[in-house]
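For the sequence shown, the numbering used here begins at 2 and goes up steadily by one. Inspection log for the structure reproduced underneath, given as C-alpha coordinates.
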Amino acid sequence: MKLDQIFKTPNPIIGVVHLLPLPTSPRWGGSLKTVLDRAEQEVTALASGGVDGIIVENFFDAPFSKNCVDP
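Written out as C-alpha coordinates, the structure is:
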(Lines of atoms letter the chains of each structure in order from A; the text may use other names.)
(Lines give C-alpha, C1' and ligand atoms only; values in the text may rest on other atoms or scores of the structure.)
Protein backbone atom coordinates (compact mmCIF):
# COMPACT_ATOMS: atom_id res chain seq x y z
CA MET A 2 0.00 0.00 0.00
CA LYS A 3 1.29 3.45 -0.90
CA LEU A 4 1.51 6.29 1.60
CA ASP A 5 -0.93 8.41 -0.41
CA GLN A 6 -3.51 5.66 0.08
CA ILE A 7 -3.06 5.84 3.86
CA PHE A 8 -2.56 9.56 4.51
CA LYS A 9 -4.46 12.59 3.25
CA THR A 10 -1.31 14.66 2.85
CA PRO A 11 1.26 14.23 0.07
CA ASN A 12 4.22 14.41 2.49
CA PRO A 13 3.18 12.79 5.78
CA ILE A 14 5.30 13.18 8.88
CA ILE A 15 5.65 9.90 10.73
CA GLY A 16 6.85 9.94 14.34
CA VAL A 17 8.62 7.04 16.02
CA VAL A 18 7.80 5.64 19.46
CA HIS A 19 10.97 4.07 20.88
CA LEU A 20 9.93 1.32 23.28
CA LEU A 21 12.12 0.70 26.30
CA PRO A 22 13.64 -2.82 26.45
CA LEU A 23 10.94 -5.48 26.45
CA PRO A 24 10.68 -8.76 28.41
CA THR A 25 13.32 -11.36 27.43
CA SER A 26 15.67 -8.70 26.03
CA PRO A 27 19.07 -8.35 27.76
CA ARG A 28 18.36 -4.83 29.08
CA TRP A 29 14.77 -5.51 30.27
CA GLY A 30 14.10 -3.30 33.29
CA GLY A 31 11.41 -5.50 34.83
CA SER A 32 8.38 -3.22 34.57
CA LEU A 33 5.95 -3.43 31.68
CA LYS A 34 4.06 -0.50 33.21
CA THR A 35 7.17 1.66 32.83
CA VAL A 36 7.48 0.63 29.18
CA LEU A 37 3.83 1.44 28.49
CA ASP A 38 3.89 4.73 30.42
CA ARG A 39 6.93 5.91 28.45
CA ALA A 40 5.34 4.86 25.15
CA GLU A 41 2.17 6.75 26.06
CA GLN A 42 4.21 9.88 26.83
CA GLU A 43 5.92 9.66 23.44
CA VAL A 44 2.61 9.12 21.60
CA THR A 45 1.09 12.12 23.38
CA ALA A 46 4.07 14.32 22.50
CA LEU A 47 4.03 13.21 18.86
CA ALA A 48 0.28 13.70 18.53
CA SER A 49 0.53 17.15 20.14
CA GLY A 50 3.25 17.99 17.64
CA GLY A 51 0.94 17.20 14.75
CA VAL A 52 2.46 14.09 13.20
CA ASP A 53 0.36 12.29 10.60
CA GLY A 54 1.24 8.79 11.75
CA ILE A 55 3.22 6.85 14.33
CA ILE A 56 5.43 3.80 14.02
CA VAL A 57 6.57 1.74 17.01
CA GLU A 58 10.04 0.20 17.20
CA ASN A 59 11.96 -1.85 19.76
CA PHE A 60 15.56 -0.94 19.00
CA PHE A 61 16.32 -0.68 22.73
CA ASP A 62 16.07 -4.48 22.83
CA ALA A 63 19.64 -4.52 21.44
CA PRO A 64 21.93 -6.33 21.39
CA PHE A 65 20.00 -8.69 19.18
CA SER A 66 20.70 -12.39 19.52
CA LYS A 67 21.47 -14.44 16.43
CA ASN A 68 20.06 -17.46 18.23
CA CYS A 69 16.52 -18.18 19.33
CA VAL A 70 15.50 -17.02 22.78
CA ASP A 71 13.35 -18.92 25.20
CA PRO A 72 9.70 -17.81 25.35
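Glycine included, every Cβ here is placed at the ideal spot set by N, Cα and C. In this text, all values refer to a predicted model and were calculated from it rather than measured experimentally.
Would residue i be called buried (16 or more neighbouring beta carbons within 10 Å of its own) or exposed?
i: leucine 21; result: buried
i: valine 36; result: buried
With distances taken between CB atoms, is the gap from residue i to residue j smaller than 8 Å?
i: glycine 51; j: phenylalanine 8; result: no
i: valine 44; j: valine 17; result: no
i: arginine 28; j: phenylalanine 61; result: yes
Using a Cβ-Cβ cutoff of less than 7 Å, which residues in the same chain neighbour residue i once the five nearest sequence positions on both sides are dropped?
i: asparagine 59; result: Leu20, Leu23
i: proline 13; result: Leu4, Asp53, Gly54
i: threonine 10; result: Asp53
Can you name the residues that DSSP bridges to residue i?
i: isoleucine 55; result: Gly16
Can you name, in chain order, every residue of its own chain whose Cβ lies under 8 Å from the Cβ of residue i, other than the five neighbours on each side?
i: isoleucine 56; result: Ile15, Gly16, Val17, Val18
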